[in-house]
Amino acid sequence: EGPEAGGPKGPYRQSERMQDGMYQELADELLTSGHAYPCFCTAEELDTKRAAAEAAGENPKYDGTWRDADPDEVKRRMDAGEPYTVRFKVPRGKAVTINDRVRGEITWDVEATIGDFILLRSGGMPVYNFCVAVDDALMEVSTVIRAEEHLTNTVRQALILEALGYKLPQYAHLSLVLGEDRSKLSKRHGATSVDQFRKEGFLPQAMVNYLCLLGWNDSTDQEIYTVDELIEKFSLERVTKSPAVFDIKKLRWINGQHLRALPEEERCKLIGEHLKETGVAKDAESDFVEAASLMVAEKVELVNDAGALVRAALTYPLSEGGDALLEEDGLVEVGQALIKAFNAGDLPTPGSDEFEAKWKSAVKGIGKELGRKGKGLFMPLRIATTGRKMGPDVPVQLQVAELADGNSDCEAVSFKERMRILEEAIGKAPA
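In case it helps, full-length UniProt numbering puts the sequence shown at residues 1 to 431.
Following this line, the structure appears as structure tokens:
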């Protein structure tokens, strides 16, 4: 049910409902029942009234000039075609009380809070509070969940619904979501639409998870929830009244948890589509994509992070003049041993059967030969093979770079070429 699918409560767009005369019909009903009246005040007159109230230090509100006007005068002006608005006649001495599911019981002294407010502008256009109150009633909305800044609108909407004989929905007014600087969240804080987050690689279930945590918890330390778990556990009664701070780093972390929780095949499909879109892979499905997906699975928080990580694994910075890396303790010694083993055919070829196991065995042999272990062995070995101090597991990177041949639009440096570049770089290194 909705604007696209249609349904029994349609039309669903306010513009279409206005064309059907729905708002005008209900405004006429309020006029007939005496809950509303025509107001012929001009914009200039209203500006004068507002300025006078502000000068007197009072809350500006309509003073009811046309509230009890002579019916004959009203008819004369209407017959003359003078423009007018339709105002709601706020009851004198009335209080409005709601039981907000977040904030508890709230009561307003209506007369002290608001003046007679507009329902229809002079051109017949219905105002926000009239539209939403009527729409909620006619569509049989049971619970209105919105930001606390709409709390004062509830007074007007409740009066409209009561005057029309409709039952009030339940209300739940949530605290605002703030940026990390504790100002109201806006475009300057980053993405503000669901579509923007989707394009950046955030998963729907991660967004739902994080948004539910903004001002809510189930009294446990749990932070990662499936949608089904949230349906079961979420309740408005546990939503706090304090504003929540939107933390993009936390959202990214939660997204990473959901990404890793996906079935391997589904995660690989998402990453494969991204790699193809960004030109890293020629096809969304291949042995290269599968290996690349497994390589980045534990490293990325967003699907969109995968492209840069895979591209990095295909390159070899030593070929770009990474002289500073040659100064790493043990690099020359380990690099020479690696080249010696490669030239002797003692290193397995990336992509061959049981490559990772054979690689670890060969590395263990080099470490034993040089009397090196731990960081003293693995850091220079990582730099010698990948050109970087950090990144995914070395044998995994080497496999991905080898599989990229013919499967990627990016230039990939093969293991053989890496050994050639390494030998050349070490040969130029100062003794």
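Glycine included, C-beta positions come from ideal geometry on N, C-alpha and C.
Residue environment, residue i, which counts as buried when at least 16 other CB atoms sit within 10 Å
i, result
"S408", "buried"
"P350", "buried"
"D47", "exposed"
"G335", "buried"
"P83", "exposed"
"R382", "buried"
"P392", "buried"
Nearest-angstrom Cα separation, counted from residue j out to residue i
i, j, result
"M419", "Y210", "46 Å"
"K368", "T315", "29 Å"
"L398", "K269", "22 Å"
"M78", "I248", "56 Å"
"H189", "E402", "41 Å"
"R92", "G115", "10 Å"
"Y128", "H150", "11 Å"
"T192", "V177", "12 Å"
"A313", "R252", "22 Å"
"Q205", "R146", "21 Å"
"I106", "V90", "18 Å"
"E73", "R156", "28 Å"
"E254", "Q222", "The residue you asked about is not Glu; residue 254 is Ile in the sequence shown. Their backbone Cα atoms lie some 12 Å apart in a straight line."
"A137", "C212", "27 Å"
"N304", "Q196", "13 Å"
"R198", "A80", "55 Å"
"P380", "L262", "35 Å"
"L377", "F246", "43 Å"
Given residue i as reference, the closest of the options once Cα atoms are compared
i, options, result
"K375", "G387, N343 and L331", "L331"
"G256", "P91, A306, K233 and E285", "A306"
"N59", "K49, E44 and D68", "K49"
"G10", "C41, D135, A56 and D72", "D135"
"residue 433", "T113, G104, R87 and T85", "Any property of residue 433 remains undetermined from this structure, which presents the chain solely from 1 to 431."
"F234", "L214, L251, V245 and E298", "L214"
"A133", "T143, A344 and L161", "L161"
"Q24", "T240, I118, A51 and G406", "I118"
"M125", "R311, D393 and Q19", "Q19"
"L168", "T152, L174 and V141", "V141"
"Y62", "E356, A52 and K373", "A52"
Contact belief for residue i with residue j at Cβ below 8 Å, rounded distance in angstroms
i, j, result
"V400", "A284", "V400 to A284, Cβ: 16 Å. No contact."
"V289", "G272", "4 Å"
"R76", "Y37", "At roughly 15 Å, the Cβ-Cβ gap does not stay under 8 Å, so R76 and Y37 are not in contact."
"A172", "R101", "4 Å"
"A362", "A337", "10 Å between Cβ atoms; not a contact."
"L259", "V300", "7 Å"
"L185", "V208", "The Cβ separation is near 18 Å, so there is no contact."
Any chance you could list the beta strand (DSSP E) runs of at least 3 consecutive residues sitting entirely within the region 64-149, in chain order?
Fully enclosed beta strand (DSSP E) runs of 3 or longer: 85-88, 95-100, 104-109, 118-120 and 143-147.
Would you mind listing the beta strand (DSSP E) stretches within the region 163-200 that are 3+ residues and don't spill past its ends, in chain order?
Here the runs fully enclosed are 170-174.
Alpha helix (DSSP H) runs wholly inside the region 196-277, at least 4 long, in chain order:
Runs of the alpha helix (DSSP H) lying entirely within the region 196-277, each at least 4 residues long, are 204-213, 227-233, 248-261 and 264-277 in chain order.
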